[in-house]
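Engineer: Here it is, the structure in full.
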Amino acid sequence: MKQNISSILFLSLTLLAACGKSGGKSNSGKSSNGLATIKEQQAQGNYRAILRPFNNHLSGFLPSGFAEINIAGDTVSFKTMLDDDARVIHLQSVHAGTRCPNAGDDINGDSYVDIKEAYAVVGKVLVPLDSDLNSTAGFYPLGGGYTYIEAASLKTLETDVKSRTGEKLNLTGRVVLLHGVNPATELPDSFGTLDGMTPQASAPIACGVIFKK
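For the sequence shown, position 135 matches number 117 in my numbering, and the numbering has no gaps at all.
This is the structure in structure tokens:
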């Protein structure tokens, strides 16, 4: 289920310009520190990420789900499912990094990992998972609980990712990150956000690393 909000174009563009550095590329599957590393893109096949909650104390509910990606010929399809009781817009994106944030990434010590601290780990946005994978002007899914399915041309998507980010798509080892909690959720003044976004809309809630099935 999707819902239009007047600021979604601005939010999408803000996400695409967010801070962060991608992980190094490798064909080994694991780096020396045990983290996933980026392999060359397999043109065909199925990929999956288990979306596990973090910032668990934000809403008292632990959102969880999965992301699945299928590449067949020139078609790439994305499916995400989130079990969540918060009826809010959930921004979701594939990022260039190789691991999910954890409590140790709370740099300012306020007991939360905000979007700036999360982006320092997961890196730049490669693919905004919205209603139009070929643009930055789509709508994001609405909770609570949803199934999102969209498809695009693989060639077009790879060209877009390269032109915007300088990165190759290379799905294996990338990160899927989701955001969004109830607007009434109380957050400290130290909770970082991006221009044009409320802290609640930007709050990271679930994450998973993509692997090839």
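Glycine residues also receive a C-beta, built at the ideal position from the N, C-alpha and C atoms.
Just so it is clear, the structure is predicted and the values come from calculations on it, not from any experiment.
Alpha helix (DSSP H) containing K137: first to last residue?
Structural biologist: Element bounds for K137: L136 to T147.
Engineer: Give the DSSP-derived three-state secondary structure of A85 in the structure shown.
Structural biologist: In the structure shown, A85 sits in a helix (DSSP, three-state: H, G or I).
Engineer: How many angstroms separate the CA atom of K195 from the CA atom of Y29?
Structural biologist: For K195 and Y29, the distance between alpha carbons rounds to 5 Å.
Engineer: Between the Cα of P186 and the Cα atoms of N52, N90 and V104, which residue gives the shortest distance?
Structural biologist: Checking every option, the nearest Cα to that of P186 belongs to V104.
Engineer: For F43 and A68, which I take to be in contact (beta-carbon distance under 8 Å), what is that distance rounded to the nearest angstrom?
Structural biologist: Contact holds; Cβ gap of about 7 Å.
Engineer: Exposed or buried, what is I131 when buried is set at 16 or more other beta-carbons lying within 10 Å of its beta-carbon?
Structural biologist: It counts as exposed.
Engineer: Would you check if there are 3 or more beta carbon pairs closer than 8 Å linking the segment 166 to 177 to the segment 87 to 103?
Structural biologist: A contact exists between the segment 166 to 177 and the segment 87 to 103.
Engineer: Would you report the Cα separation of H77 and E149, rounded to the nearest angstrom?
Structural biologist: One C-alpha to the other measures close to 10 Å.
Engineer: The alpha helix (DSSP H) that contains Q209, what's its start and end?
Structural biologist: Outside the shown range of the chain (-17 to 195) lies residue 209, about which nothing can therefore be said.
Engineer: Consider the C-beta atom of I192 and the heavy atoms of the ligand MN; say whether any pair is separated by less than 7 Å.
Structural biologist: No copy of the ligand MN occurs in the structure displayed, which carries no ligand at all.
Engineer: Just checking my contact of L33 with L64 at CB under 8 Å: how many whole Å lie between their CB atoms?
Structural biologist: At roughly 7 Å, the Cβ-Cβ gap stays under 8 Å, so L33 and L64 are in contact.
Engineer: If you follow the alpha helix (DSSP H) that A102 is in, where does it begin and where does it stop?
Structural biologist: Looking at the DSSP string, the run of the alpha helix (DSSP H) that includes A102 is I97 to V104.
Engineer: Report yes or no: is there a C-beta of chain D within less than 8 Å of the C-beta of A133?
Structural biologist: The structure shown contains no chain D, having only a single protein chain.
Engineer: Distance check for T138 and V70, CA to CA, integer angstroms please.
Structural biologist: Cα to Cα, V70 sits roughly 30 Å from T138.
Engineer: Taking K61 as the reference, give the member of A133, E140, T180 and N38 with the closest Cα.
Structural biologist: Residue A133 is the option with its Cα nearest to K61.
Engineer: Could you check the C-alpha separation between Q182 and K106 for me, to the nearest Å?
Structural biologist: Using only the alpha carbons, I get a separation of about 20 Å.
Engineer: To the nearest angstrom, report how far apart M179 and N38 are at their CA atoms.
Structural biologist: Distance between the alpha carbons of M179 and N38 is about 21 Å.
Engineer: Go ahead and pull the three-state DSSP assignment for E50.
Structural biologist: Note: E50 maps to strand in three-state DSSP.
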